[in-house]
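A.B. asks:
Shown next, in the form of structure tokens:
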């Protein structure tokens, strides 16, 4: 039976080595960032045409739904690999140094969400609505991991499973806006609005509780990436298969793991889309089983051949994230609000924007490697 620990023969190196970071750790984020680029292109250029909600199976074209489903891979893969990367970072460092780095980076990401990221979406110096989105969730996940990494590996795995598999039990817990614990609960699990005063509200788009489990799981399996390639591949195959089988089982039962039960559609295609239409905010257990299962299998595929050009994007993900938001927003302003007619045009536009973003990210990644600045590592 496969265990969540690597073979005893695997030893953490005494110091970092240049080839320790595997290509797949950068290539997979590179792939999902391209999916994210396409999804955000849709938000700027196909937001109201042909429908306002791309997941409304009653009116949304199947191609639009499928494109949105593909983008679902982005947050769980980002956050799980953030946990893996944290383990690789700490493999040759004292645990206190890793915790300090995670704390600093988490706080840095929270600051970015409230400043550069928020401004990129709205171009407003004094917004009346502050959206707490994926960078916010990653930041809090890193801060939490700075404390969780002190636990034994078994306890860390148990916490990860409880948070990911059990948080849907908390769905009925809803606190009204006037409740003293409402702001905290909105940040943790209840996607809602928080009144900040002065006519400003915050929208907790990404409640953080289940994401803490995802980053903890990523950190717990980080040791796999210091094991032999054959062992690691086998571990990922087994894990990915178990996760996807768990998704199929829970969707077949259609009772727990997803707040919105699937329904038979007029065609098999619509039925399949209904089965795959799982809740992202906060991520349901079914959502995590599906996306992390696919992510594990993608890592297996990248073990055979990790495209180097994708690794370039994954080597400076925060830089790419910020840059693509500003580029898309400026393009949307230049277009004067005009939208493309169909989802296929979104992919074409994203494909046209991707090469200059790639070159810019390649330049920044090279500068980051050559620089001694510790702050550049946060990108």
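Residue numbers (my numbering): 54 to 432. From the three backbone atoms N, C-alpha and C, an ideal C-beta is built for every residue, glycine too.
With burial defined as no fewer than 16 other Cβ atoms inside 10 Å of the residue's Cβ, what is the status of residue 242: buried or exposed?
C.D. replies: By the neighbour-count rule (16 or more Cβ atoms within 10 Å), residue 242 is buried.
A.B. asks: If you draw a straight line from the alpha carbon of residue 428 to that of residue 155, how long is it in whole angstroms?
C.D. replies: Cα to Cα, the separation comes out at about 13 Å.
A.B. asks: Taking a contact to mean a Cβ-Cβ separation below 8 Å, would you say residue 381 touches residue 142 in this structure?
C.D. replies: Result no, Cβ atoms of residue 381 and residue 142 do not sit closer than 8 Å.
A.B. asks: In terms of alpha-carbon separation, which member of 200, 317, 221 lies closest to residue 328?
C.D. replies: For residue 328, the nearest C-alpha among the options comes from 317.
A.B. asks: Tell me whether residue 285 is buried or exposed, calling it buried when 16 or more other Cβ atoms sit within 10 Å of its Cβ.
C.D. replies: Answer is buried; the Cβ neighbour count reaches 16.
A.B. asks: What residues match up with residue 250 in a beta bridge as DSSP calls it?
C.D. replies: Its beta-bridge partners are 253.
A.B. asks: Three-state secondary structure (DSSP) at residue 272?
C.D. replies: Looking at residue 272 - three-state DSSP - the assignment turns out to be helix.
A.B. asks: What residue does the alpha helix (DSSP H) around residue 142 start on, and which one ends it?
C.D. replies: Run containing residue 142: 127-143, per the alpha helix (DSSP H) assignment.
A.B. asks: Which complete beta strand (DSSP E) runs does the stretch 143-193 hold, if anything under 3 residues is left out?
C.D. replies: Listed in chain order, they are 182-185.
A.B. asks: Distance check for residue 171 and residue 413, CA to CA, integer angstroms please.
C.D. replies: Each residue's alpha carbon lies about 21 Å from the other.
A.B. asks: Who are the Cβ neighbours of residue 225 in its own chain at under 8 Å, not counting the five residues just before and after it?
C.D. replies: The answer is none, since no qualifying residue turns up.
A.B. asks: Shortest alpha-carbon distance to residue 376 belongs to which of 392, 361, 409, 389?
C.D. replies: Cα-wise, what sits closest to residue 376 is 409.
A.B. asks: State the DSSP-derived secondary structure class of residue 73, mapped to helix, strand or coil.
C.D. replies: At residue 73 the pLDDT is 43, less than 50, meaning the model places this residue with poor confidence; the figure from the coordinates comes in the next sentence. DSSP places residue 73 in coil when its eight states are reduced to three.
A.B. asks: Could you check the C-alpha separation between residue 396 and residue 346 for me, to the nearest Å?
C.D. replies: Going from the Cα of residue 396 to the Cα of residue 346 covers about 26 Å.
A.B. asks: Does the Cβ of residue 433 have 16 or more other Cβ atoms within 10 Å, making it buried, or fewer, making it exposed?
C.D. replies: The structure shown does not extend to residue 433, since the chain is modelled only from 54 through 432, so no value can be given for it.
A.B. asks: Taking the CB atoms as reference points, tell me whether residue 151 and residue 139 lie closer together than 8 Å.
C.D. replies: Their beta carbons are under 8 Å apart, which means residue 151 touches residue 139 by this criterion.
A.B. asks: Taking contact to mean at least 3 C-beta pairs separated by less than 8 Å, is the stretch 333-348 in contact with the stretch 293-310?
C.D. replies: Touching, yes, given that three or more Cβ pairs across the two stretches are closer than 8 Å.
A.B. asks: My output table needs one value for residue 415: the three-state DSSP class, helix, strand or coil.
C.D. replies: DSSP places residue 415 in helix when its eight states are reduced to three.
A.B. asks: In whole angstroms, what is the alpha-carbon distance linking residue 366 and residue 313?
C.D. replies: Spanning the two alpha carbons is a distance of roughly 35 Å.
A.B. asks: Taking only heavy atoms of the ligand MG into account, decide whether any of them is closer than 7 Å to the Cβ of residue 237.
C.D. replies: This structure simply doesn't include the ligand MG, nor any ligand for that matter.
A.B. asks: Between which two residues does the alpha helix (DSSP H) carrying residue 335 extend?
C.D. replies: Unbroken run through residue 335: none, as it is neither H nor E.
A.B. asks: How is residue 350 classed by DSSP in three states: helix, strand or coil?
C.D. replies: Three-state result, residue 350: helix.
A.B. asks: Are the stretch 181-188 and the stretch 241-261 in contact at 8 Å, needing three or more beta carbon pairs?
C.D. replies: Contact between the stretch 181-188 and the stretch 241-261 is present, because at least three Cβ pairs lie under 8 Å.
A.B. asks: On a CA-only basis, which of 100, 273, 166 is nearest residue 391? Give me that one, please.
C.D. replies: Among 100, 273, 166, the Cα nearest to that of residue 391 belongs to 100.
A.B. asks: For residue 407 and residue 88, which I take to be in contact (beta-carbon distance under 8 Å), what is that distance rounded to the nearest angstrom?
C.D. replies: Not really, about 11 Å apart at Cβ, beyond 8 Å.
A.B. asks: Exposed or buried, which one is residue 221 when buried takes at least 16 other CB atoms within 10 Å?
C.D. replies: Residue 221 should be labelled buried.
A.B. asks: My guess is that residue 148 and residue 202 are in contact by the Cβ rule of under 8 Å, so how many angstroms apart are they, rounded?
C.D. replies: So it is a contact: roughly 6 Å between Cβ atoms.
A.B. asks: Using alpha carbons as the reference points, say which of 283, 338, 290, 282 lies closest to residue 309.
C.D. replies: Closest option to residue 309, Cα to Cα, is 338.
A.B. asks: On the DSSP letters alone, give me the boundaries of the alpha helix (DSSP H) that residue 305 sits inside.
C.D. replies: Where residue 305 is concerned, the enclosing alpha helix (DSSP H) stretches over 282-306.
A.B. asks: Could you compute how far the alpha carbon of residue 283 sits from the alpha carbon of residue 361?
C.D. replies: Looking at the two C-alpha atoms, the distance is approximately 21 Å.
A.B. asks: Residue range of the alpha helix (DSSP H) that residue 379 falls in?
C.D. replies: Taken as a continuous stretch (DSSP letters only), the alpha helix (DSSP H) holding residue 379 covers 370-387.
A.B. asks: Select from 266, 94, 174, 307 the residue whose C-alpha is nearest the C-alpha of residue 393.
C.D. replies: It is 94 whose Cα lies nearest to the Cα of residue 393.
A.B. asks: Quick one: what's got a C-beta closer than 8 Å to residue 160's C-beta in the same chain, skipping five residues either side?
C.D. replies: Closer than 8 Å at Cβ, skipping near neighbours: 192, 196.
A.B. asks: Quick one: using the 10 Å Cβ neighbour count with 16 as the cut-off for buried, is residue 181 buried or exposed?
C.D. replies: Flag for residue 181 reads exposed.
A.B. asks: Could you tell me the boundaries of the alpha helix (DSSP H) in which residue 207 lies?
C.D. replies: Note, residue 207: alpha helix (DSSP H), 206-219.
A.B. asks: Please tell me whether residue 135 and residue 194 are closer than 8 Å, where the distance is taken between their beta carbons.
C.D. replies: Cβ atoms of residue 135 and residue 194: closer than 8 Å.
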